[in-house]
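Trainee:
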Amino acid sequence: MIVHSITDYRLGGKDDENTPFIKTLKRIRSTLSFKLIDPKCLAVIFVLTSLESIPDTEVREVLEDQTRCVKELSEKHLQISDPPVVAVENCPTKCRLVKDRYGWFVLKNGDKHPLTLFSKLTDLCEKNGDVIGKEVISRYFSQRANANEIKKGHSIKGAMVQVNHPPITDIEGLQVPSNDTYNLLDVGRGYDVFRDTCKAPIVQLGRPTSKGPKNVHVPERVVVSEQNKTFSRCLEFSSVKDYVKKRWADLKVNVDIPLNQINLGKISVRAGYSIKNECTNSNKSSERTILIERYVYKLHVDQIEATDDFKRDVEQLPSCFDQSDDVNLAKWDAFLDRYGTHLILEALAGGSCTATVSCKSSEDSKEKMHQILGEIQVCVKKNKFWK
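Residue numbers for the sequence shown follow full-length UniProt numbering, beginning at 1 and rising by one.
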């Protein structure tokens, strides 16, 4: 949800590109869109707050104008056409709004709050085929006190575990259509090796064009080639330090800094890697994850040309690094926080699935868990998941 006040009459447009709202959309586009925004599986909704602050005689006109403006800016800066827009009042009690017999607040434009928001969210879930999402939203709005009780998965006994996955042997078998590859690109972006996360774009990739195998849509400066590889990983480490060493080796990244000088608390463990957790009581459990990936594309940046934002930010950096100067240090920290420490020039694209096995801390359960993990790894290595 992208939330903004409906009373902000300076949302922006072609004559004003420097408004807070447009800056927000640009940041979303540059930092999150490749991960969160899928034009063919829309999951974005705009929420305009403070509806009751508008005079009664101007409600309809203001709501129509603001909604139209939001949709135009959404299409321009997020490439999302006709997104759902909902007007709400974030302080209904203070505004002394009256409730109907079902407990919904009646807004001055006739909508029911938060019924309208609930309806838009469930509509999105239905369009995307998200049955679980619809159930969670419905339960939250009807039983808010019990929202935290919604479980994230299912519990099963280790001895009953069976691994099964639908066959994925070609590009058409992937859940994501091949022409959406442009929206999943990590190449050309910065990478923070200390947090293991992608950052803002550094390289101008150009406009998307249809080229390469299956006419996949990729930017002009990206070369795409077909791959047909299956990869699996199920590794366990005794410490985060050992995990980081292996992770950097897998990424082929060299870091000339001793690990004891790095804050490893900011690094989250990826699927396929597990840190050994010796449980001391029956209330704790130990988890292991297995990652299976199917690669169908290889993406490579062909021409390197920095983005305008990156050039501007580089020019604004101090000429030297001075750790004793707080102002100097803050500027370098801000730059690295936005762009990371490395540049991603090559990436593999495809699909993946993750299996998680957990058990209680008894020795019997541990033996069963290791037995199950061994059986799964054998299946993965024989590619039984994909044939």
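For glycine and all other residues, C-beta sits at the position ideal for the given N, C-alpha and C.
Quick one: complete beta strand (DSSP E) runs, 3+ long, within the region 82-139?
Mentor: If we require 3 residues or more, the beta strand (DSSP E) runs fully inside the region 82-139 come out as 85-87.
Trainee: Is Asp260 near Phe194, with beta carbons less than 9 angstroms apart?
Mentor: The sequence given here places Asn at residue 260; Asp does not occur at that position. Cβ atoms of Asn260 and Phe194: not closer than 9 angstroms.
Trainee: Based on the DSSP output, what are the partners of Asp192 in its beta bridges?
Mentor: Note: Asp192 sits in a beta bridge opposite Thr197.
Trainee: With the cut-off set at 9 angstroms, would you say Asp196 and Arg270 are in Cβ contact?
Mentor: Yes; because the gap between Cβ atoms is below 9 angstroms, this pair is in contact.
Trainee: Under 8 angstroms by Cβ, that's how I've got Lys120 and Val86 pegged, so tell me the actual separation to the nearest angstrom.
Mentor: Sure, about 5 angstroms apart at Cβ, within 8 angstroms.
Trainee: Quick check on the DSSP output: what are the complete beta strand (DSSP E) runs of length 3 or more inside the region 293-333, in order along the chain?
Mentor: Segments of the beta strand (DSSP E) lying fully in the region 293-333: there are none.
Trainee: Verify whether the separation of the beta carbon atoms of Gly350 and Glu293 is less than 9 angstroms.
Mentor: Contact flag set, yes.
Trainee: Could you work out which residue in Lys134, Glu346, Leu291, Asp337 is closest to Thr354 when comparing CA atoms only?
Mentor: Looking at the Cα atoms, Leu291 is the closest of the given residues.
Trainee: Short check: CB of Leu51 to CB of Leu107, under 9 angstroms?
Mentor: Yes, the pair counts as a contact, with Cβ atoms nearer than the cut-off.
Trainee: For Asp191, which residues in the same chain have their Cβ closer than 8 angstroms to its Cβ, ignoring the five residues on either side in sequence?
Mentor: It is worth fixing the name first, because residue 191 is Tyr in this sequence and not Asp. So the list reads Thr197, Cys198, Lys199, Gly340, Thr341, His342, Leu343, Ile344, once near-sequence residues are dropped.
Trainee: Strictly by DSSP, which residues pair up with His4?
Mentor: In DSSP, His4 forms a bridge with Leu48.
Trainee: Report yes or no: do three or more beta-carbon pairs, one from the region 4-21 and one from the region 63-70, lie closer than 8 angstroms?
Mentor: Yes, they touch.
Trainee: Leu117 and Phe105: beta carbons closer than 9 angstroms?
Mentor: No, Cβ-Cβ distance for Leu117 and Phe105 is not below 9 angstroms.
Trainee: Is the distance from the Cβ of Ser268 to the Cβ of Cys234 below 9 angstroms?
Mentor: Against a cut-off of 9 angstroms, the Cβ pair of Cys234 and Ser268 comes out as no contact.
Trainee: If I follow the unbroken alpha helix (DSSP H) through Val187, where does it start and stop?
Mentor: Here Val187 belongs to no alpha helix (DSSP H), and DSSP marks it neither H nor E.
Trainee: What span of residues does the alpha helix (DSSP H) with Thr67 cover, start to end?
Mentor: 59-78 is the span of the alpha helix (DSSP H), which, as asked, contains Thr67.
Trainee: Hey, how far is the Cα of Pro258 from the Cα of Gln323?
Mentor: Approximately 18 angstroms, taken between the alpha carbons.
Trainee: Helix, strand or coil, according to DSSP, for His165 in the structure here?
Mentor: Confidence is the limiting factor: at His165 the pLDDT is only 39, short of 50, which leaves the residue's position unreliable and the question unanswerable from this model.
Trainee: Taking all protein chains shown into account, decide if Gly188 is buried (16 or more other Cβ within 10 angstroms of its Cβ) or exposed.
Mentor: Buried: at least 16 other Cβ atoms inside 10 Å.
Trainee: Counting C-beta neighbours from all protein chains within 10 Å, is the total for Val327 16 or more, i.e. buried, or is it exposed?
Mentor: When all chains shown are included, Val327 counts as exposed.
Trainee: Which value, in whole angstroms, describes the spacing of the CA atoms of Leu73 and Phe237?
Mentor: Cα to Cα, Leu73 sits roughly 48 angstroms from Phe237.
Trainee: State the Cα-Cα distance for the pair Gly103 and Pro55, rounded to the nearest angstrom.
Mentor: Distance between the alpha carbons of Gly103 and Pro55 is about 24 angstroms.
Trainee: Should Leu251 be labelled buried (16 or more other beta-carbon atoms within 10 Å of its own) or exposed?
Mentor: With fewer than 16 other Cβ atoms within 10 Å, it is exposed.
Trainee: Looking at the secondary structure, which residues open and close the beta strand (DSSP E) in which Leu235 lies?
Mentor: From DSSP, the beta strand (DSSP E) with Leu235 extends over 235-237.
Trainee: How close, in whole Å, do the beta carbons of Met1 and Ile45 come, if the pair is a contact with beta carbons under 8 angstroms?
Mentor: Right, their Cβ atoms sit about 5 angstroms apart.
Trainee: How many Å lie between Phe310 and Arg247 at the Cα?
Mentor: For Phe310 and Arg247, the distance between alpha carbons rounds to 27 angstroms.
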